[in-house]
Every structure is written in C-alpha cells, then in structure tokens.
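K.L.:
Each number in the numbering used here comes from the position in the sequence shown (counting from 1) with 1239 added on. For glycine and all other residues, C-beta sits at the position ideal for the given N, C-alpha and C.
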Amino acid sequence: MNKAVVLGTGSCLPERTLTNADLEQMVDTSDEWIISRTGISNRQIAGENEYNYQLATTAAKRALNNAGIEPEELDLIIVATVSPHMLMPSTACFVQAELGAVNAFAYDINAACAGFTYGLDLASNYIQNRPDMKILLIGSETLSTRVNWDDRNTCVIFGDGAGAVVLGGSDDGRGVFGSSLHSDGRLWNLLFMDSPKSLNPDLQQESWQGAFIQMNGGDIFKYAVRLMEDAVTGLLDKHGVNIEDIGIMIPHQANIRILNNLRERLKVPEEKVFVNLSKYGNTSAASIPIALDEANKQGRLVRGEIVLLCTFGGGLTWGSLLMRW
1240 MNKAVVLGTG
1250 SCLPERTLTN
1260 ADLEQMVDTS
1270 DEWIISRTGI
1280 SNRQIAGENE
1290 YNYQLATTAA
1300 KRALNNAGIE
1310 PEELDLIIVA
1320 TVSPHMLMPS
1330 TACFVQAELG
1340 AVNAFAYDIN
1350 AACAGFTYGL
1360 DLASNYIQNR
1370 PDMKILLIGS
1380 ETLSTRVNWD
1390 DRNTCVIFGD
1400 GAGAVVLGGS
1410 DDGRGVFGSS
1420 LHSDGRLWNL
1430 LFMDSPKSLN
1440 PDLQQESWQG
1450 AFIQMNGGDI
1460 FKYAVRLMED
1470 AVTGLLDKHG
1480 VNIEDIGIMI
1490 PHQANIRILN
1500 NLRERLKVPE
1510 EKVFVNLSKY
1520 GNTSAASIPI
1530 ALDEANKQGR
1540 LVRGEIVLLC
1550 TFGGGLTWGS
1560 LLMRW
C-alpha cells in the first residue's frame, strides 16, 4: 500500500532575534521569569520583506531543493497558518505564484498550532488515493502581527518562521501510517484570536478587544498535557507500537513545562525528544516543520525509524501522527 513519505524538508527564520533582555525593556518581565515559565530565550521576529508568504516560499524552495523536485512537478500546495498574508487570497496562492508552481492547486488550512499535523494527515490521504501526487506542505506564521505587545503572558511566547516538507508516494513500507486528530470547539475561549472588527454594525461584538492572541495559560497547560498524552497512547495502542519503538518524538514547541510533563508521562527518554523551543519560541503551525527540518539536517531522522509527532492548539485542536522515516 502506498503511503506518504517525506522527500525533502526546509525552513526559514526571520533575521531579527528578539531576546528576553529586549522584552525586559518592553513589558514588566524578566529573563528568569520567562525561562522558568516557558523555557524560551529567543524568538525570531519578521521584518521588511519577510511577510508570511515570503518566509513560506523560502522554506518551500529549500524543501524542494532537498527533495530534488521542481516547482512544476507539484500537484498541490497546502499552507497551515493562523496569520495569513491576507484573508483572501490564501497564502498558499501567493506561494504558488512565487514558486511558479503552475500545475498545483493551492489552499490554506487553519487548525492553529495543530495545523501542520492536520495538513500531514490530509496530504497522506491525497497520496493514498493518488500515489503519483507531489504535495508541498508548509507551516508558516508571522505571529508578531497578531500579538498584543503589552501583554506579557503572550508576547514572550510567540515567534515567526516557516517550515516545509515535500511529500510523495512510496510502497516500500515507509511513510505516514497512523494519526489521531481531535477538536473541541466548546473550549475555544481558552486560546483564540479575534478577526478584524466587523464593518457590519449589526455583527460587531461587544466583547471585541482586538485582533490579537488571547490565552488562558493555566487551563491550556492542563488540557494540553492530558489530551496529547491520550492522543499518543491511543494511537500507539491502535497500531501495536510501544514507546520504546519510537526513534524520535517531535512535539509542538509550545512551552517547556508542557513538553517535560508530557515526556515524563509518556516515559519517553529525554534524548529521544527533539526540542528547539528556547531558540524560536512558539511558532504555532510552523513549529513542528521547523523542528523536523532541523532534526533532518542534524541527522536525527534515521531511515526506517518511527517518528512520532504530537501537537495541541486553539480550537481546541490536538493530535498525534506516526510515520516511518
């Protein structure tokens, strides 16, 4: 049976680094406070000529080059993002134009921080039906455009960046072989971002405060750890995989306390968990593909070994995915 395999990876981070020392000059916070609560030291912030679609395009070019695939060979481009370049057209259409991927159709998906994992499952289903497809999947964010820089509880967490993978079909036993994806819209108000203020006075919300990220960090922590643990253990049980069989786990880079708590509950050895949170912060849908590319470049992804992805984000959305590299 054909499965979706990763043919190439790429990533792109903005040039500007925003340090904890910089944030100390902006809001009432400290390096010690940020590190102890989040594990983040730096985050990259987009500047001139680093719009979302431009970061996404650069990551895509690097992934295509790594895969040895030309843009004209692509059949589909998917961009996972909560901070699109425009509401319309999709960021994916901008990427298509920049790449010259004239034979691909393109669209965005929004599943918050879980977007890339949702997109990988989606691409896997396309390829199972059409094994000849070549799909470019990108997670790309400019969250600096959607952060309240006066709110120390959120502005210290989020960063910008993009990661991309090129996917194709293979029948050699490798590829995506399981996923467990979930949502609970009843809990939307724990982590959300309003749209721009309505131009229809009848549809303006009295509670509207601005089109920026708002989060209940304490509740998010409790839900994130428990729900990701359940998604992972359920998926492993379904496919008869033991935690000892995992070659590497790449979680969404949200918060070091969440990651450590999850790792301990799953009993995954620390050396098997890929973490780059301290360098980039939480880049939402971009965090897993950026980490995937770094792990690939570092030789941490071994052909034939099982890779476990797990994620959690606004919606609420969460899930896990298994693939044999």
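Helix, strand or coil: how does DSSP classify residue 1268 here?
P.N.:
coil
K.L.:
DSSP three-state label for residue 1343, please.
P.N.:
coil
K.L.:
For residue 1511 versus residue 1487, is the C-beta distance shorter than 7 Å?
P.N.:
yes
K.L.:
For residue 1349, tell me which candidate among 1501, 1361 and 1442 has the shortest Cα-Cα distance.
P.N.:
1361
K.L.:
Might you give, ordered along the chain, the residues of its own chain that have their beta carbon closer than 8 Å to the beta carbon of residue 1317, omitting 5 neighbours on each side?
P.N.:
1331, 1345, 1346, 1347, 1348, 1358, 1361, 1362, 1374, 1375, 1376 and 1377
K.L.:
With which residues is residue 1421 paired in a DSSP beta bridge?
P.N.:
1557
K.L.:
Considering only C-alpha positions, which residue in the set 1453, 1451, 1482 and 1564 is nearest to residue 1538?
P.N.:
1564
K.L.:
Does the structure place the segment 1249–1264 close enough to the segment 1520–1534 that three or more beta carbon pairs sit under 8 Å?
P.N.:
yes
K.L.:
Could you have a look at residue 1358 and say whether DSSP puts it in helix, strand or coil?
P.N.:
helix
K.L.:
Are the CB atoms of residue 1302 and residue 1404 within a distance shorter than 7 Å?
P.N.:
Going by beta carbons, residue 1404 and residue 1302 fall inside the 7 Å limit.
K.L.:
For residue 1414, count neighbouring Cβ atoms within 10 angstroms of its own Cβ and tell me buried if that reaches 16, exposed if not.
P.N.:
buried
K.L.:
Compare the beta carbon distance of residue 1530 and residue 1513 with 7 Å and say whether it is the shorter of the two.
P.N.:
yes
K.L.:
Output needed for residue 1281: all residues of its chain with C-beta closer than 6 Å, excluding positions within five of it in sequence on either side, in chain order.
P.N.:
1256, 1258 and 1518
K.L.:
Would you list, in sequence order, the uninterrupted beta strand (DSSP E) runs of no fewer than 3 residues that lie entirely inside the segment 1264–1308?
P.N.:
1281–1284
K.L.:
Please state the DSSP three-state secondary structure of residue 1453.
P.N.:
Strand at residue 1453.
K.L.:
Exposed or buried, residue 1483, counting other C-beta atoms within 10 Å across all chains shown (16 or more means buried)?
P.N.:
exposed
K.L.:
Under the rule that 16 or more other beta-carbon atoms within 10 Å means buried, what is residue 1444, buried or exposed?
P.N.:
exposed
K.L.:
Taking residue 1553 as the reference, which of 1471, 1429 and 1489 has the closest Cα?
P.N.:
1429
K.L.:
If I follow the unbroken alpha helix (DSSP H) through residue 1496, where does it start and stop?
P.N.:
From DSSP, the alpha helix (DSSP H) with residue 1496 extends over 1495–1505.
K.L.:
Which residues mark the beginning and the end of the beta strand (DSSP E) in which residue 1406 is found?
P.N.:
1399–1409
K.L.:
To the nearest angstrom, report how far apart residue 1244 and residue 1341 are at their CA atoms.
P.N.:
So the alpha carbons of these two residues sit roughly 23 Å apart.
K.L.:
Over what stretch of residues does the beta strand (DSSP E) that includes residue 1565 continue unbroken?
P.N.:
The shown model of the chain, from 1240 to 1564, leaves out residue 1565, and the question about it has no answer.
K.L.:
Just the Cα atoms here: how many angstroms apart are residue 1355 and residue 1399?
P.N.:
15 Å
K.L.:
Over what stretch of residues does the beta strand (DSSP E) that includes residue 1251 continue unbroken?
P.N.:
1242–1251
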